[in-house]
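Converting from the sequence shown to our numbering requires adding 246 to each position, the first position being numbered 1.
Here a beta-carbon is modelled for each residue, glycine too, at the ideal position from N, C-alpha and C.
Comments concern the structure below.
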Amino acid sequence: MKVLVVGSGGREHALAWALSRSPRLSELHAAPGNPGIAALANCHPVHADDQASLVPLAGELGIDLVVVGPEAPLVAGLADELRHRGVAVFGPGAGAARIEGSKAFSKEVMDAAGVPTARSLAIARPPCVVKADGLAAGKGVWVCHTQAELDAGLRAAESLGQPFHVEELLEGEEVSLFALCDGTNVVPLPAAQDYKRIGEGDEGPNTGGMGSYSPVPRLSEAELAELADAVCRPIIEELARRGSPFVGVLFAGVMLTDDGPRVLEYNCRFGDPETQSLLPRLEGDLLETLASAAAGRLSEASFTASESSAVTLVLAARDYPARGDSGSPITGIEEAEASGALVFHAGTALHDGRLVTNGGRILNVTALGDSIASARDAAYAAAAHIQFPGMRYRTDIAAFSRA
Ligand code: AMP
Ligand code: GLY
Numbered sequence: 247m248k249v250l251v252v253g254s255g256g257r258e259h260a261l262a263w264a265l266s267r268s269p270r271l272s273e274l275h276a277a278p279g280n281p282g283i284a285a286l287a288n289c290h291p292v293h294a295d296d297q298a299s300l301v302p303l304a305g306e307l308g309i310d311l312v313v314v315g316p317e318a319p320l321v322a323g324l325a326d327e328l329r330h331r332g333v334a335v336f337g338p339g340a341g342a343a344r345i346e347g348s349k350a351f352s353k354e355v356m357d358a359a360g361v362p363t364a365r366s367l368a369i370a371r372p373p374c375v376v377k378a379d380g381l382a383a384g385k386g387v388w389v390c391h392t393q394a395e396l397d398a399g400l401r402a403a404e405s406l407g408q409p410f411h412v413e414e415l416l417e418g419e420e421v422s423l424f425a426l427c428d429g430t431n432v433v434p435l436p437a438a439q440d441y442k443r444i445g446e447g448d449e450g451p452n453t454g455g456m457g458s459y460s461p462v463p464r465l466s467e468a469e470l471a472e473l474a475d476a477v478c479r480p481i482i483e484e485l486a487r488r489g490s491p492f493v494g495v496l497f498a499g500v501m502l503t504d505d506g507p508r509v510l511e512y513n514c515r516f517g518d519p520e521t522q523s524l525l526p527r528l529e530g531d532l533l534e535t536l537a538s539a540a541a542g543r544l545s546e547a548s549f550t551a552s553e554s555s556a557v558t559l560v561l562a563a564r565d566y567p568a569r570g571d572s573g574s575p576i577t578g579i580e581e582a583e584a585s586g587a588l589v590f591h592a593g594t595a596l597h598d599g600r601l602v603t604n605g606g607r608i609l610n611v612t613a614l615g616d617s618i619a620s621a622r623d624a625a626y627a628a629a630a631h632i633q634f635p636g637m638r639y640r641t642d643i644a645a646f647s648r649a
């Protein structure tokens, strides 16, 4: 099969890595990809949001399956356009991607499907959470404990110029749940945990994610299946009932509160950096699985999650998340890989044949182990080989395993 991966981050590098292990793969392409992906695929200089160029590119290359990484092209209808031209896609059409693209739509579907979520509040009073309605690249949510935080949150939400809503502030542990969907069938994947804040101890501003691990030991397999039944299956059924079947991966951000699980948000795609911890744990043929989902025949796919654990560290630029870095030389990746870790490129570029920084989150280092503690040790040992000016990473990813 000829496969095209759309996107350029660490998630897409992990997808390309896992797809490249499939015996069914004949050609792997990426748009636009990155220097890490270029070692596995032919990269084409077409941006993930450039639908007008991506659709003909898939046609010219004779692509059998497009795997879309980021949310923006899905929300903009890339999958619809490709399907319209007869190209199979792993990723939902615009109608189903609204589950991520509009918080108001997502709340409405949750209510209709009977999924537990945070209560909407008519009056903004702390503690509460202010959320912009549309896509805001992780920057549209303000968790407000005090009146000062609420004032600042409301000001920031208004300045985005889109509608926003206010909901109750929930307390608990957050988990990322993933379910593969073919429009009808739902197959849960292992859960993962993400670290959203920039600083140790979950201090500082939100980021795209600073690290992840999988599995989540506090959730047994039975609890995970129960959660998928409570928060993924009803959404898939509701979207199908509305004529927008969801094909792709439904990602539920869930808070495990004292009163039970509550959904914080749905995403219409794989998580980043959760995917980097998830995919190396899967045994089986990812290409076959994603192609089966795209064809509406997910029940035929066979894969299992291994017993191993995975920990992913995000190596970020000095001033991330305020700003990224570009042009600083990166060294030590080969040494990190030689230690047995996987190094996924997230924000890199090649300048005159030299690998340099090009973004906020620069690299992801993923290690496997027979426990989270051993995966964690291996990931930190591997990351110690890598250097670029200003490199920063959290030192407490998966540190609970020491407790
Ligand atoms: P979202 O984009 O909706 O997932 O929000 C981003 C982050 O904000 C989440 O991962 C949570 O850490 C936090 N958050 C969102 N909604 C709530 C809520 N109702 N209560 C507490 N924290 C929340
Ligand atoms: N890691 C969170 C996300 O991908 O949205």
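**Asked** Measuring CA to CA, which of Arg-564, Ala-624, Asp-616 is closest to Val-589?
**Response** As a working note, residue 589 is residue 343 in the sequence shown. Ranked by Cα distance from Val-589, the first of Arg-564, Ala-624, Asp-616 is Ala-624.
**Asked** Going by alpha carbons, who is nearest to Glu-417 out of Asn-431, Ile-608, Cys-390?
**Response** Residue mapping note: residue 417 aligns to position 171 of the sequence shown, counting from 1. Looking only at Asn-431, Ile-608, Cys-390, the smallest Cα-Cα distance to Glu-417 is reached by Cys-390.
**Asked** I think Ser-366 touches Leu-533, with their Cβ atoms under 8 Å apart; what is that distance to the nearest whole Å?
**Response** The residue labelled residue 366 in the question sits at position 120 within the sequence shown. The residue labelled residue 533 in the question sits at position 287 within the sequence shown. In this structure Ser-366 is not in contact with Leu-533, their Cβ atoms being roughly 41 Å apart against a cut-off of 8 Å.
**Request:** Give the secondary structure of Asp-408 by DSSP, where H, G and I count as helix, E and B as strand, and everything else as coil.
**Result:** Taking the first residue of the sequence shown as position 1, residue 408 is located at position 162. In the sequence as displayed, the identity of residue 408 is Gln instead of Asp. In the structure shown, Gln-408 sits in coil (DSSP, three-state: anything other than H, G, I, E or B).
**Request:** Over the uninterrupted alpha helix (DSSP H) stretch that includes Arg-479, give me the two end residues.
**Result:** In the sequence shown, counting from the first residue as 1, residue 479 sits at position 233. For Arg-479, the enclosing alpha helix (DSSP H) stretches over residues 479 to 487.
**Request:** Count the other CB atoms, across all protein chains shown, that sit within 10 Å of the CB of Leu-596; report buried if there are 16 or more and exposed otherwise.
**Result:** By 1-based counting over the sequence shown, the position of residue 596 is 350. It is exposed - the Cβ of Leu-596 has fewer than 16 other Cβ atoms within 10 Å.
**Asked** Counting pairs of beta carbons, one from the segment 293 to 313 and one from the segment 263 to 278, are three or more of them closer than 8 Å?
**Response** Taking a contact to require three or more Cβ pairs closer than 8 Å, the segment 293 to 313 and the segment 263 to 278 qualify as touching.
**Asked** Opposite Met-501 in the DSSP bridges: which residues?
**Response** Taking the first residue of the sequence shown as 1, we reach residue 501 at position 255. Per DSSP, Glu-420, Arg-508.
**Request:** Pick out the complete alpha helix (DSSP H) segments inside the segment 313 to 341, 4 residues or longer, and give them in chain order.
**Result:** Entirely contained in the segment 313 to 341, the alpha helix (DSSP H) runs reaching 4 residues are, in chain order, 317 to 321, 324 to 330.
**Prompt:** When every heavy atom of the ligand GLY is checked, does at least one fall within less than 7 Å of the C-beta of Asp-518?
**Reply:** As a first step, residue 518 is located in the sequence shown; it is residue number 272 there, counting from the start. Remark: the shortest separation between the CB of Asp-518 and any heavy atom of the ligand GLY falls under 7 Å.
**Request:** May I ask you to report which of helix, strand or coil DSSP gives Thr-521?
**Result:** Position 275 of the sequence shown, counted from the start, is the residue given in the question as residue 521. If DSSP states are grouped into helix, strand and coil, Thr-521 belongs with the helices.
**Message:** Mapping the DSSP letters down to three states, classify Thr-535 as helix, strand or coil.
**Reply:** Within the sequence shown, residue 535 is the residue found at index 289, counting from 1. Three-state result, Thr-535: helix.
**Message:** On a Cα-Cα basis, can you pick out the residue from Pro-302, Gly-323, Ser-348, Lys-349 that is closest to Gly-191?
**Reply:** What is shown of the chain runs 247 to 649, which leaves residue 191 out entirely.
**Prompt:** With a cut-off of 8 Å, do at least 3 Cβ pairs link the segment 451 to 467 to the segment 434 to 442?
**Reply:** Result yes; three or more Cβ-Cβ pairs closer than 8 Å.
**Prompt:** If you check the beta carbons only, do Lys-385 and Phe-410 fall under 8 Å apart?
**Reply:** Here residue 385 refers to the residue found at position 139 of the sequence shown. Here residue 410 refers to the residue found at position 164 of the sequence shown. Pairing Lys-385 with Phe-410 gives a Cβ-Cβ distance that is not under 8 Å.
**Asked** Roughly how many angstroms separate the alpha carbons of Leu-510 and Asp-428, rounded to a whole number?
**Response** In the sequence shown, counting from the first residue as 1, residue 510 sits at position 264. In the sequence shown, counting from the first residue as 1, residue 428 sits at position 182. Between Leu-510 and Asp-428, the C-alpha separation is close to 23 Å.
**Message:** Going by C-alpha to C-alpha distance, which of Leu-528, Ser-574, Ala-541, Ala-340 sits closest to Arg-515?
**Reply:** The residue labelled residue 515 in the question sits at position 269 within the sequence shown. Closest by alpha carbon: Ala-340.
**Message:** Closest to Gly-347 by C-alpha separation, out of Leu-328, Leu-381, Val-333, Met-356, would be which residue?
**Reply:** As a working mapping, residue 347 is identified with position 101 in the sequence shown. Of the listed residues, the one whose Cα sits closest to Gly-347 is Leu-381.
**Asked** Considering only residues of the same chain and omitting the five flanking positions on each side of Val-557, which have a CB-CB separation below 8 Å?
**Response** The sequence position of residue 557 within the sequence shown is 311, counting from 1. Excluding sequence neighbours, Val-557 sits near Gly-457, Ser-458, Tyr-459, Ser-523, Thr-612, Ala-613, Gly-615, Ile-618, Ala-621, Arg-622, Ala-624, Ala-625, Ile-643, Ala-644.
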